[in-house]
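Below: one structure, written as structure tokens.
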Ligand code: 5GP
Ligand code: MG
């Protein structure tokens with residue numbers, strides 16, 4: 018049985034912000050090489066757990082793009098990939114009402130399902146998604162998140178595979194957005210306060 022090293026707890030450190038992003042990014046929380054190292058560990062464990070199973074990866078749009086691409090290419094077993102769109106329409110950094118914007122295309126009945134999301138915050142999204150998917154009769158249903166903010170949880174929910182535990186901060190980059198921006202940053206970071214006070218257009 019392969020053991021996944023526990024998710025390390027990230028604290029804000031004094032890492033240099035790459036010059037192209039220094040105007041808007043206050044701090045780098047997780048640099049690119051640390052993301053890759055941990056994703057490699059997750060992929061080894063998931064490969065060990067799922068090899069030989071009829072597996073469907075269900076990725077949630079759009080924040081998982083980078084994590085999914087880096088994780089998937091390291092999964093060394095046959096699998097299927099599908100996407101679900103789920104957005105919480107709140108204002109700014111606060112989450113609100115959950116809306117499904119894309120439904121599954123594949124059948125998951127009798128298959129082993131691994132849901133991949135970018136970040137586990139209050140738990141509302143993954144509680145809703147797993148409840149919905151479990152009604153479709155999967156053989157098993159587990160969740161994998163790159164980031165976890167355990168202090169923000171509003172109800173019971175734990176992910177099965179966790180990349181990093183982070184403090185209660187709004188983070189962007191490596192797929193995660195603020196008002197649909199900053200998804201392209203190669204690291205996970207925190208924005209400068211002035212970014213939130215400026216009017217934005219999506
Ligand atoms: P939950 O439903 O667990 O409260 O939140 C999950 C969703 O909220 C994530 O999939 C993500 O879209 C969004 N979210 C939560 N925390 C953050 C954050 O720190 N940064 C960004 N960019 N999105 C977040
Ligand atoms: Mg999301």
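In my numbering, the protein residues as written are 18 to 219.
Yeah, the Cβ is synthetic: ideal placement off N, Cα and C, and Gly gets one too.
In the DSSP assignment, find the unbroken alpha helix (DSSP H) run with residue i in it and report its ends.
i: residue 2; result: The question about residue 2 has no answer here: the residues shown for the chain are numbered 18 through 219.
Determine the extent of the beta strand (DSSP E) in which residue i is found, giving its start and end residues.
i: residue 51; result: Unbroken run through residue 51 is the alpha helix (DSSP H), 49-67; no beta strand (DSSP E).
i: residue 187; result: Looking at the DSSP string, residue 187 is not in any beta strand (DSSP E), and its letter there is neither H nor E.
i: residue 134; result: 129-137
i: residue 96; result: It is not in any beta strand (DSSP E) - residue 96 carries neither H nor E in the DSSP assignment.
i: residue 181; result: 178-182
Does the Cβ of residue i lie closer than 6 Å to at least one heavy atom of the ligand 5GP?
i: residue 72; result: no
i: residue 47; result: no
i: residue 189; result: yes
i: residue 154; result: no
i: residue 142; result: yes
i: residue 136; result: yes
i: residue 139; result: yes
i: residue 79; result: no
i: residue 177; result: no
i: residue 52; result: no
i: residue 208; result: no
i: residue 194; result: yes
Are there 16 or more other CB atoms within 10 angstroms of the CB of residue i, so buried, or fewer, so exposed?
i: residue 52; result: buried
i: residue 191; result: buried
i: residue 67; result: buried
Tell me, please, whether the CB atom of residue i is closer than 7 Å to any CB atom in chain D?
i: residue 85; result: This model lacks chain D altogether, as it is built from one protein chain only.
Identify every residue that forms a DSSP beta bridge with residue i.
i: residue 160; result: 132
Examine the Cβ distances between the stretch 66-81 and the stretch 119-136 and report whether three or more of them are shorter than 8 Å.
yes
Contact the stretch 171-184 vs the stretch 44-62: 3+ CB pairs below 8 Å
yes
Looking at C-beta atoms only, is the number of pairs between the stretch 162-170 and the stretch 128-143 that lie closer than 8 Å three or more?
yes
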